[in-house]
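Residue numbers for the sequence shown, in the working numbering: 55 to 434.
Worksheet: one structure, shown below.
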Amino acid sequence: MPDTDTGKLRIVHCFRAPLGGLFRHVIDLAGEQAKRGHDVGIICDSTTGGAMEQAQLDEMSRVCTLGIERIAMSRLPGLGDIQSARAAIGHLKGLKPDVVHGHGAKGGLYARMFPVQSGDGKPAITAYTPHGGSLNYKPGSFISHIFMTVERMLEKRTGVLLFESAFGRDVYFERVCKPTCEVRVVHNGVRESDFEEIPLDADATDLMFIGELRGAKGIDVLISALAELHRRNGDCPSLTIVGGGPDMDKLKEQAAPLNNRIRFVGPEPARKAFARGYGVVIPSRAESLPYVVLEAAALARPLITTNVGGIHEIFGPDKDWLIPAGDVDALAGKIADLDADTAPWMTLGERLRKRVAESFSVITMTNGVLEGYAAARARR
Numbered sequence: 055m056p057d058t059d060t061g062k063l064r065i066v067h068c069f070r071a072p073l074g075g076l077f078r079h080v081i082d083l084a085g086e087q088a089k090r091g092h093d094v095g096i097i098c099d100s101t102t103g104g105a106m107e108q109a110q111l112d113e114m115s116r117v118c119t120l121g122i123e124r125i126a127m128s129r130l131p132g133l134g135d136i137q138s139a140r141a142a143i144g145h146l147k148g149l150k151p152d153v154v155h156g157h158g159a160k161g162g163l164y165a166r167m168f169p170v171q172s173g174d175g176k177p178a179i180t181a182y183t184p185h186g187g188s189l190n191y192k193p194g195s196f197i198s199h200i201f202m203t204v205e206r207m208l209e210k211r212t213g214v215l216l217f218e219s220a221f222g223r224d225v226y227f228e229r230v231c232k233p234t235c236e237v238r239v240v241h242n243g244v245r246e247s248d249f250e251e252i253p254l255d256a257d258a259t260d261l262m263f264i265g266e267l268r269g270a271k272g273i274d275v276l277i278s279a280l281a282e283l284h285r286r287n288g289d290c291p292s293l294t295i296v297g298g299g300p301d302m303d304k305l306k307e308q309a310a311p312l313n314n315r316i317r318f319v320g321p322e323p324a325r326k327a328f329a330r331g332y333g334v335v336i337p338s339r340a341e342s343l344p345y346v347v348l349e350a351a352a353l354a355r356p357l358i359t360t361n362v363g364g365i366h367e368i369f370g371p372d373k374d375w376l377i378p379a380g381d382v383d384a385l386a387g388k389i390a391d392l393d394a395d396t397a398p399w400m401t402l403g404e405r406l407r408k409r410v411a412e413s414f415s416v417i418t419m420t421n422g423v424l425e426g427y428a429a430a431r432a433r434r
C-alpha cells in the first residue's frame, strides 16, 4: 500500500534518550514525514543528551507542529516510570494523534501502555520499533525475562511492529513471540548529504572509530589489535576514537602504551568525525542496524566491521568481508591487510556505496514506515 494512502496524519514519536542511532532515525523519519505534510510531534527524556542533541531538537521544533515535549525518563524500569508515563500519556491524549510510534524499550512502553484516542474517536494506531532495546539483554537473565514478559504483554496493544533489520525481527520472534499484529522490516536509511565527500583533516589518522565508549562497541578489541600489530612490527596504524561514554577512562588506560598512535577526541558530529581518519573500524560485539556503518559505506570509505546484528544485511553479497566479534587476531589481520594494500578496500567501498544508495535511503525508510501505518489502520 503506497504511503500516500495514509492521507495527512498526526504522528507522535516517543523515545527515551536523544542519543545515537535511535535519535538519528527519529530525526530523519519525523523530518521526512513533516516534509510530506504530516503533523509530527516528539516526546523524549529531559535528562539525557548534550548541546549537540539539543541543537538538533531545536532545529526539529521548526517542523514539529505537534511540539516537542521532554519528560524525565529513567533507563531501567522503576517507580519513577509511573509519574513519567502519566505525564507522557496525558500529553498524548491532548494531541489526539492518529499514530503513536514508540522507539526503544521505554518509548515502546509509553506508546503502548494505555490506549489514546485519535481525532476520529477511534484508538490511535500504535507502532513500535525496538532498535535493539529490550532485545539486547542476555537471554535467560533475570532482566531479560522481565523485559520479554513485558514485550509479550505489549504486543497485544501493538498495531504494527517496524523492525530496522531482519535480524531484529528474527530475535523478536525467537525471544518474545510470533506477533499477531502487522509486521514490517524497514531498514534505516541515510540522507543524500551523507554521500557527499568529506576531505580528510591535515592530521587525519590511518583509522577512526565513532560511537559510544562502552563494552558492546568493542573498542577494547580494536586497541588490543593495534597493540598486537605494534608487538609484531614495532609500529601500528594510527587511530582516532570519537565519542564519549562510561568506558572512556578504562580505554584510555588500555591505550596508554600506544599513546603516540591513538587519540581520543570526545563526541563530535559524524561528518566532522569522518574527517579525522581514513579507514573506519566498527568492532562491535552487538548491534542492530548501525547508522555509522551506513554512513561509512555512503562515503565509500574502507570499512572493517563485525558480523553482528543486521550488518550483514548492509554488506549483502560482500558479507564474507565481515569478521567475528571479539576476535583480536582477525581484526589485526584486516587492519594489516588495509595497511598493506588499500585498492581492494576501495573497490569494496564503491560496491557498498552503490548498495546503500539503492536500498538504504531516508526516502525508502519513510515509505516503508508510512506503509506500515496504513496497513495497521486498515486492520483497525
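Glycine included, C-beta positions come from ideal geometry on N, C-alpha and C.
All values derive from a computational prediction rather than experimental measurement.
Asked                                                                                                                                                                                               : Found
Going along the chain, which residues of its own chain have a beta-carbon closer than 6 Å to the beta-carbon of T259, five neighbours each way excluded?                                            : S292, L293, T294, G331
For the beta strand (DSSP E) holding T401, just list the boundary residues, first then last.                                                                                                        : Taken as a continuous stretch (DSSP letters only), T401 belongs to no beta strand (DSSP E), being part of the alpha helix (DSSP H) at 397-413.
Look at the Cβ atom of L208, then the Cβ atom of G175, and state whether they are nearer than 8 Å.                                                                                                  : no
Can you tell me which of the three DSSP states V244 falls into?                                                                                                                                     : strand
Looking at the strands, I want to know which residues DSSP matches up with P177.                                                                                                                    : Q171
On a CA-only basis, which of V154, R245, R140, T396 is nearest Q171? Give me that one, please.                                                                                                      : V154
Look up C98 in the DSSP assignment and give the residues it is bridged to.                                                                                                                          : R124
Per DSSP, which one or two residues make a beta bridge with M262?                                                                                                                                   : T294, V334
Using DSSP with H/G/I as helix, E/B as strand and the rest coil, what is H67?                                                                                                                       : strand
Whether or not the stretch 191-209 and the stretch 357-371 are in contact is what I'm after, with contact meaning three or more pairs of Cβ atoms, one per stretch, closer than 8 Å; do they touch? : no
Taking the continuous alpha helix (DSSP H) assigned at V382, which residues delimit it?                                                                                                             : 382-394
Does the separation of the CB atoms of I97 and A84 fall below 8 Å?                                                                                                                                  : no
Tell me which residues share the same chain as H145 and place their Cβ nearer than 7 Å to its Cβ, disregarding the 5 neighbours each side in the sequence.                                          : I97, E123
In whole angstroms, give me the CA-to-CA distance for G288 and G158.                                                                                                                                : 45 Å
By Cβ distance, which residues of its chain are closer than 6 Å to T58, with the 5 residues on each side in sequence left out?                                                                      : Legend: pLDDT at T58 = 42, less than 50; position of this residue unreliable, value from coordinates given subsequently. The answer is none, since no qualifying residue turns up.
Just how far apart, CA to CA, sit E266 and G298?                                                                                                                                                    : 6 Å
So, R245 versus V117, is the Cβ gap smaller than 8 Å?                                                                                                                                               : no
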